[in-house]
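Engineer:
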Amino acid sequence: MTTPTLRLLTALLACLGFLSSSQSQTIANQKVANGAVSGRVTLRGKGVPGIGVALRRSESDQRRPALIGTTDLEGNYRISNVPAGQYQAAPIAPTFVIPQMTGPATKENSWF
């Protein structure tokens with residue numbers, strides 16, 4: 021190779037290295053905007069207040085914690101700051117609580 025060709029080739033390789041380096045920094049510094057998921061929990065067509073709603077990623081990594089929201093008085097919920105991805109939304113079942121009873125136990129007021 022001649023000297024001018026070597027210089028041109030060296031300059032081109034240096035430019036490619038610089039462009040590659042600047043491109044990777046640009047992509048790394050970009051932030052992906054988060055979104056929001058909203059919906060309504062209903063029972064027989066009416067909104068249900070106070071129900072927890074969990075968003076869990078659809079991918080196989082179930083170790084990540086779910087994102088949680090709660091329905092308002094009309095049954096609407098909104099979960100903000102949700103990273104991009106595919107999710108499954110599901111109501112959270114309330115904890116089973118044994119009802120407290122006062123007075124004498126009879127066949128009529130027994131829950132057994």
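Under the working numbering, the first residue of the sequence shown is numbered 21, with each subsequent residue one higher.
Quick reminder that beta carbons are idealized off the backbone N, C-alpha and C, glycines included.
Starting from the Cα of Gly70, find the closest Cα among Arg98, Arg76, Tyr107 and give me that residue.
Structural biologist: Arg98
Engineer: If you compare alpha carbons, which of Gly95, Val73, Ile112 is closest to Arg60?
Structural biologist: Gly95
Engineer: Return the residue from the list Thr62, Val73, Gln106, Asn54 that minimises the CA-CA distance to Ile88.
Structural biologist: Val73
Engineer: With distances taken between CB atoms, is the gap from Val102 to Gly67 smaller than 8 Å?
Structural biologist: no
Engineer: Leaving out five residues before and five after Ser78 in sequence, what residues of the same chain have Cβ atoms less than 7 Å from its Cβ?
Structural biologist: Closer than 7 Å at the Cβ level, and outside the excluded window around Ser78, lie Gln106, Tyr107, Gln108.
Engineer: I need the boundaries of the beta strand (DSSP E) containing Arg84, first residue and last residue.
Structural biologist: No beta strand (DSSP E) holds Arg84; DSSP gives it neither H nor E.
Engineer: Who does Thr62 pair with in a DSSP beta bridge?
Structural biologist: Gly67
Engineer: With DSSP as the reference, label Ser44 as helix, strand or coil.
Structural biologist: Note that Ser44 has pLDDT 47, beneath the 50 cutoff, so the model's placement of it is unreliable and the number below is only indicative. DSSP places Ser44 in helix when its eight states are reduced to three.
Engineer: Cβ of Gly95 within 7 Å of any heavy atom in the ligand COA?
Structural biologist: This structure lacks the ligand COA, and indeed carries no ligand of any kind.
Engineer: How many Å lie between Arg64 and Ala53 at the Cα?
Structural biologist: 36 Å
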